[in-house]
Each structure stands twice: as structure tokens, then as C-alpha cells.
Amino acid sequence: MGAMTLSDWQAKLETGDLTSASLTEGCFTRMNALEPSLNAILHVNQALSLAAAEAADLRLRRGDRGPLLGIPIVVKDNINVTGMSLSQGSKISGDFRATYHATVIQRLLDAGAVPLAKANMDEFAMGSSGEYSAFGPTRNPWDLDRVPGGSSSGAVVAVSAGYAPLALGTDTGGSVRLPAGFCGVSALRPTYGVLSRYGVTAMASSLDQVGPVAVSAKDLATGLALMAGRDPLDSTSLELPRADQLTGLRAAPLKGLRIGLPKEYFGEGLSAGVRGVLETALGRLASEGAELVEVSLPHTRFAIDTYYLINTSEVSSNLSRFDGVRYGARNTSEGLHSMISSTRDEGFGPEAKRRILLGAFCLSKGYYEAFYLKALKVRTLIAQDFQKAFKNVDIIATPLSPTTAFPIGSKTASPLEMYLADVFTVTMALAALPALAVPAGFSDSLPVGLQLVGPSLSDVRLLEVGAAFQELTDHHLRQPPLDI
Ligand code: GLN
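In my numbering, the protein residues as written are 54 to 537.
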């Protein structure tokens with residue numbers, strides 16, 4: 054049996070074969086069986102989930118219909134769902150429970166979605182592998198000895214392992230796309246501003262976006278349709294053009310579509326296995342009439358340095374609010390200064406501390422101009438590279454990662470090596486562009502993802518191209534070999 058798409062789940066409810074309550078209970082059963090191996094979930098509140106499912110059943114019985122009505126969703130643990138945890142994968146959050154819904158959650162719940170669970174993640178969304186959670190690493194469903202990718206590790210694994218057909222993650226520099234590639238599912242980083250961040254824990258505010266994760270591009274579009282739209286509670290949010298065409302998304306015609314292949318992304322360092330899979334995938338698009346055109350994004354070589362200077366600077370500022378005073382864990386040592394410093398010392402893991410220190414250094418007097426300000430200037434050059442390329446091509450295709458999912462523990466000793474795992478995903482975040490991850494095939498039985506990038510606010514078009522690719526292929530419908 055292939056992976057179940059949103060419409061497969063919906064069909065079960067609409068024919069009356071299943072109620073949302075029984076579907077939700079089935080999800081808990083599957084999760085309980087698989088969690089000892091995968092560790093994708095940090096928190097469940099079954100009473101709350103079942104109450105939402107029963108409310109959806111009532112609506113279904115009254116004849117109400119909707120693509121997410123009664124359907125379970127999994128949410129990364131840095132997005133507020135009232136009454137559920139908001140750990141950010143960190144001990145410093147203590148046993149804090151969210152007291153309000155993020156806007157994206159409110160919109161999905163209004164559509165009848167059932168909040169099933171909060172997902173594991175790299176601490177404060179810092180990481181590329183899913184190993185930097187204070188609650189232990191998440192494992193890749195395709196090979197339990199390998200990482201699922203991060204930082205939205207649990208959200209992606211939840212979809213890959215079939216806990217739920219839709220999950221929400223966040224993407225600051227690749228955090229939904231990289232794990233989607235490693236786990237064989239689809240994920241979208243929308244154009245910066247398309248999804249509200251009200252109620253989402255800030256990591257690096259000029260880069261953070263919420264990103265949906267699902268089996269197919271069509272399902273991502275369905276989720277996006279319900280969540281997009283300006284939110285007065287987030288001043289960076291904006292309207293998505295053509296949003297009315299997300300529901301019932303149509304595949305884009307491929308004939309004459311100009312696909313740019315940036316030479317900097319297909320050079321040395323790309324493993325032969327990944328390269329082979331991507332060549333076949335791109336060849337398939339070309340055989341339908343798409344034109345493959347070489348393009349250049351010359352400032353790509355500065356991407357990792359630029360991203361990590363901006364990211365750590367913003368992290369050091371955003372994480373100052375975790376001080377034991379307002380919420381979360383608190384060390385009760387005598388005196389305000391010692392309470393704050395020991396709370397932070399005990400609460401943050403090593404990667405969070407590393408970034409706070411690096412960022413505080415970048416922003417300090419005398420270094421600000423040399424590091425942070427310079428990085429902002431290079432960021433503009435990176436964005437201009439894309440603008441120039443899009444004069445010639447409709448979309449850009451790149452790998453998501455130089456290799457398939459790597460073994461657990463193989464990069465944790467070297468922070469720099471971990472940072473380099475993001476080499477193909479940070480530029481789109483720096484340039485504020487939409488980027489879509491779609492499964493493209495397999496190398497040594499491990500998934501390989503293809504990344505499609507579009508001009509600003511072309512999210513709908515990008516999903517239409519993703520849907521066209523998925524009409525030609527069935528990689529997204531393959532399921533990992535999990536025995537239960
Ligand atoms: N791996 C990148 C980082 O650690 C991206 C994280 C993210 O997108 N949240 O910063």
C-alpha cells in the first residue's frame with residue numbers, strides 16, 4: 054500500500070467508514086507502537102485531541118465538509134497549541150504549557166483539524182540532524198541508525214511514518230526541507246511573510262518561516278490555503294497572490310517551463326548517488342518538455358558564513374528572554390544575577406550556548422560592522438544573484454543536501470560539519486524565496502529530495518510544478534519499512 058494522502062484520509066471520514074475519534078485513536082495506537090524506535094513526539098494530550106475529534110465528528114454528521122475536518126495534525130514544539138507543551142526541544146522551557154494558539158494553528162483548528170501531538174526538534178530549531186534535542190535524537194524511519202534531518206525532525210518523521218497526513222515545522226535555514234529530503238516527504242518553505250509567525254517561538258526573526266510537511270505538493274497546497282493570508286498580529290505577514298488556486302491545485306504544464314540549474318549546486322561535493330537520482334528526475338521533467346538551463350549564483354560560496362553570522366546574532370538577542378523570570382524552568386539560587394545565569398547555564402544545551410556566545414560577539418561594539426553589517430550586505434548580493442537568474446528561468450532546481458541521511462553521531466563532534474549540511478538550503482532563506490522539497494528517488498534505499506525554488510510570492514506556481522512532477526513519479530508515495 055502506498056502512503057496515504059490527505060484525500061485518502063478525508064475519504065475515510067466522508068464515507069462514514071471511520072469517525073474522527075476512531076481515526077485519532079488509531080493514530081495514537083500507531084504512534085505508541087513506533088515511538089520507542091523513532092522518538093518523534095514530545096507531548097500528547099489525548100483528552101484534548103479526542104475532544105477536538107468529537108467536535109469534528111459532530112460537524113461531519115451535520116453534513117459539514119472540509120479538507121482538514123476531523124484530520125489529525127502534528128505540530129513542531131515551537132508553535133503554540135493551547136494546553137499543549139511548548140518545549141522548543143529545550144530543558145529551559147520546564148513544563149510550560151501554551152496559553153494561546155499560534156495564528157496558523159487557530160486557522161487549522163477552525164477548519165476542523167485535530168491537534169494530535171507536539172513533535173521533537175533540535176533545541177530552539179538549531180540543528181540539521183534532529184540530534185540536538187534535549188529529549189534525545191529522533192530516528193529516520195528509512196534506517197533507524199540514521200538521522201532524519203533537522204531541525205523539524207519530529208514533524209517530518211510523523212508524516213513519513215504515517216502518524217498524520219500533515220505536520221507543521223519551521224524553516225529558518227532549511228529545517229523543513231532538509232529533513233523532508235532525508236525522509237522522503239514533501240515540504241514547503243513559503244515566501245517570507247506568507248505564514249503568520251504569531252505564536253511561533255522566534256529563533257532568527259529575519260529568516261524564520263512556518264513550513265507545512267505532507268506526503269504530496271497537493272496536500273501542502275491544501276494546508277497552505279487554510280493558513281495563508283495576512284494576520285494583523287504579525288506585521289511581517291502578507292497576502293499570497295493566487296491563494297484561491299491552492300485548493301484543488303492543478304499541475305503546471307511542463308512544456309516550455311524553463312528550469313535553471315545553478316552550476317554552484319551541482320559541482321564537487323555532491324555525492325554520486327544524489328547526483329544520479331537528480332539527473333534522472335530532471336531528465337523526466339525535460340522529457341515532458343521542460344527546458345533545463347544552466348544558471349549561476351556566484352555568491353553561493355559565502356552562504357554558510359553569511360547565514361551563521363546573521364542567525365547567531367539574531368539568536369543571541371531572541372533567546373535573552375529565557376531567563377527564568379517570566380516562564381519555564383528556574384534555578385532558585387540566591388540573587389537575581391545568579392538565578393538568571395544558573396537557569397541559563399542549566400537550561401540551554403551546548404548548541405544554544407555556542408550560538409548565543411557567537412552572536413553576542415558578532416553584535417558587540419567594534420565587531421558589529423565587521424561581522425553582522427557585512428553579512429547583511431552579502432545577504433543582499435545573494436538575493437540579487439537569484440533575481441538575475443529569474444530573468445532567464447521560471448524556477449530553479451537544486452539538490453537539498455550533498456548526501457542522503459547520514460549516520461547518527463557522525464557529525465555531532467564537529468559543529469562546522471553540521472553547519473555545512475545546510476549548504477543547499479540557506480540561500481533561499483537569506484533571499485526570502487519560496488522553496489519546495491519533493492521526493493525525487495532513492496540511493497542505496499535512502500530517499501533523495503529535489504529542491505524547487507521560485508521567485509518571491511510564486512508559492513502557488515511552485516506547488517503546481519511540484520504537483521506536475523508528482524503526477525509523473527511515485528517516489529512520494531513510497532513508505533518506509535517499519536514493522537508494527
Ligand atoms: N540547520 C540550520 C540551523 O541550524 C537551519 C535551522 C532551521 O531552519 N531552523 O540554523
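The C-beta atom is built at its ideal place from N, Cα and C for all residues, glycine as well.
Check                                                                                                                                                                                    : Outcome
For a quick check, are the C-beta atoms of threonine 156 and serine 249 less than 8 angstroms apart?                                                                                     : yes
Between the Cα of tyrosine 361 and those of Ala442, Leu411, Gly336, spot the shortest distance and give me the residue it belongs to.                                                    : Leu411
If you measure from the CB of glycine 227, is any heavy atom of the ligand GLN nearer than 7 angstroms?                                                                                  : yes
For the alpha helix (DSSP H) that contains aspartate 398, what are its first and last residues?                                                                                          : 389-400
Starting from the Cα of threonine 300, find the closest Cα among Pro168, Asp198, Leu279, Ser290 and give me that residue.                                                                : Leu279
Hey, would you say leucine 121 sits closer than 8 angstroms to alanine 164, going by beta carbons?                                                                                       : yes
Which same chain residues, not among the five before or five after asparagine 98, have their C-beta less than 7 angstroms away from its C-beta?                                          : Gly136, Met137
Alpha carbon to alpha carbon, how far is glutamine 437 from glycine 183? Give it in angstroms, no decimals.                                                                              : 32 angstroms
Count the other CB atoms, across all protein chains shown, that sit within 10 Å of the CB of histidine 390; report buried if there are 16 or more and exposed otherwise.                 : exposed
Leaving out five residues on either side along the sequence, give the residues of the same chain with a beta carbon under 8 angstroms from the beta carbon of asparagine 445.            : Arg311, Gly313, Val346, Val348
What I want to know is whether the C-beta of threonine 223 ends up closer than 7 angstroms to one or more non-hydrogen atoms of the ligand GLN.                                          : yes
Three or more beta-carbon pairs under 8 angstroms between the stretch 471-484 and the stretch 351-358, yes or no?                                                                        : yes
I need the DSSP call for histidine 96, collapsed to helix, strand or coil.                                                                                                               : strand
Which one of Val368, Asp61, Leu469 has the shortest CA to CA distance from alanine 267?                                                                                                  : Asp61
Is isoleucine 124 helix, strand or coil by DSSP?                                                                                                                                         : coil
Hey, out of Asp198, Cys236, Ile145, Asn85, whose CA is closest to serine 454's CA?                                                                                                       : Cys236
Should valine 378 be labelled buried (16 or more other beta-carbon atoms within 10 Å of its own) or exposed?                                                                             : exposed
Within the same chain, show all residues whose beta-carbon is closer than 7 angstroms to that of glycine 462, passing over the 5 residues directly before and after it, in chain order.  : none
For leucine 323 and proline 201, I'd like the C-alpha separation in whole angstroms.                                                                                                     : 19 angstroms
I'd like to confirm something about asparagine 364: is its beta-carbon nearer than 7 angstroms to some heavy atom of the ligand GLN, or not?                                             : yes
Please report the Cβ distance between valine 209 and valine 229, rounded to the nearest whole angstrom; I am assuming they are in contact, meaning their Cβ atoms lie under 8 angstroms. : 7 angstroms
Let me confirm a value: threonine 451 is counted as buried when at least 16 other C-beta atoms fall within 10 Å, else exposed. Which label applies?                                      : buried
Applying the criterion that 16 or more other CB atoms from any shown protein chain within 10 Å of the CB defines a buried residue, is proline 285 buried or exposed?                     : exposed
When burial is assigned at 16 or more other CB atoms within 10 Å of the CB, is leucine 302 buried or exposed?                                                                            : buried
Count the other C-beta atoms from every protein chain shown that fall within 10 angstroms of the C-beta of glutamine 440, then say buried if there are 16 or more, exposed otherwise.    : exposed
CA-CA distance, methionine 179 and alanine 521?                                                                                                                                          : 33 angstroms
Going by Cα to Cα distance, which pick from Arg115, Ser146, Ile124 is closest to asparagine 45?                                                                                          : The chain is shown only over 54 to 537; residue 45 falls outside these bounds and no answer can be derived.
Taking just the CA atoms, how far does proline 500 sit from glycine 494?                                                                                                                 : 6 angstroms
Going by DSSP, which residues form a beta bridge with lysine 171?                                                                                                                        : His96, Val128
Between the C-alpha atoms of arginine 295 and valine 513, what's the straight-line distance to the nearest angstrom?                                                                     : 7 angstroms
Residue ranges of each beta strand (DSSP E) run of no fewer than 3 residues wholly in the stretch 379-462, ordered along the chain?                                                      : 448-452
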